[in-house]
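Residue numbers (this note's numbering), protein chains in the order written: chain A, 1 to 278; chain B, 279 to 305.
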């Protein structure tokens, strides 16, 4: 930009159609590249600047607020059909910084950095004083509930043996004393009924994922587990233009996409992981 | 006292360009 010719960018309104189109393309990219946690939906566009790109196109620099939905990352349900996690369920928000190229009327993401944070305990308590709050994903009771629920699933499976991929949510319910947990599973090459050493079971090359919700209730002299799982159809690998730029390290605990599971320790909400990690 | 209705009126109608609307709820 020649000296004295202005800032070199324009600032459309955050609710302009062009801004919203760029933001929706950005959120779509985030969800297409999520490997952990839940899909997010656009909540508010905080800031936008549009830079001319040489020789062609424009680059939208966006700051977006998102909210976690109830759809697991690999759930093929269209985002429009995914319910937003409500405050009484302990909502989770995402803060994203995105760069989206618009060229020939098409949007493609150049850069993405997101960080997710659960709502404060005070906010949840304001609308629901007795609702269970999110627990740490490595909480002993949460881990035990997921493992017990998965054991119940495998005990009843007349097909594949399933392995735990990640625990995505956990809540400790005081009355009745119970633990609510949501977790992802994947089918292995073992038959559930014939497994002797689960450690030898390998995830199928064409991964078959499932998502489970379970409640483990503490009873006198034992415990009872109720679990429901949804298995997803095998998804074709999404072919997406990938960013040229390296994605800087997120301030949030981020999980490597290649890792089989997110860290057990860390905040209750998994960090959003988008784009190729460098 | 004289007023400047054009200025006051237009200032009241123009929404702030950013941030945009909240689609669900703010936390």
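Heads up, the beta-carbon is just placed ideally off N, CA and C, and yes, glycines get one too.
What you are looking at is a predicted structure, and each value in this text was computed from that prediction instead of being measured.
When secondary structure is reduced to three states using DSSP, residue 299 of chain B falls in the coil class, being assigned neither helix nor strand. Residue contact check for residue 13 of chain A against chain B: a CB pair falls below 9 Å. Pairing residue 88 of chain A with residue 128 of chain A gives a Cβ-Cβ distance under 9 Å.
Around the beta carbon of residue 10 of chain A, a 10 Å sphere encloses fewer than 16 other beta carbons of the protein chains shown; the residue is thus reported as exposed.
For chain B, the residues of the segment 18–46 of chain A that bring a beta carbon within less than 9 Å of one of its beta carbons are 19, 20, 23, 41, 42, 43, 44, 45 and 46, in chain order. Looking from the CA of residue 106 of chain A, the closest CA among A/118, A/229 and A/59 belongs to A/59. Burial is judged here by how many other beta carbons sit within 10 angstroms of a residue's own beta carbon; residue 225 of chain A has at least 16 and is buried.
Listed along chain B, the residues sitting closer than 8 Å to residue 119 of chain A by beta-carbon distance are 305. Rounded to whole angstroms, the gap between the alpha carbons of residue 50 of chain A and residue 95 of chain A is 19 Å. Partner residues in the beta bridge of residue 211 of chain A, as assigned by DSSP, are A/184 and A/230. The beta-carbon of residue 97 of chain A is placed no less than 9 Å from the nearest beta-carbon of chain B. Contact check for residue 42 of chain A and residue 301 of chain B: beta-carbon distance about 6 Å, within the 8 Å limit, so the pair qualifies. Counting C-beta pairs closer than 8 Å gives fewer than three between the segment 190–209 of chain A and the segment 170–181 of chain A, which falls short of the contact rule. In this structure residue 65 of chain A is buried. Its beta-carbon is surrounded by 16 or more other beta-carbon atoms within 10 angstroms.
Here the segment 64–84 of chain A does not lie against the segment 137–152 of chain A, with fewer than 3 beta-carbon pairs under 8 Å apart. In the pairwise beta carbon analysis, the segment 209–216 of chain A is classified as touching the segment 137–147 of chain A: at least three pairs are separated by under 8 Å.
Looking at the backbone, the Cα of residue 130 of chain A and that of residue 291 of chain B are separated by about 43 Å.
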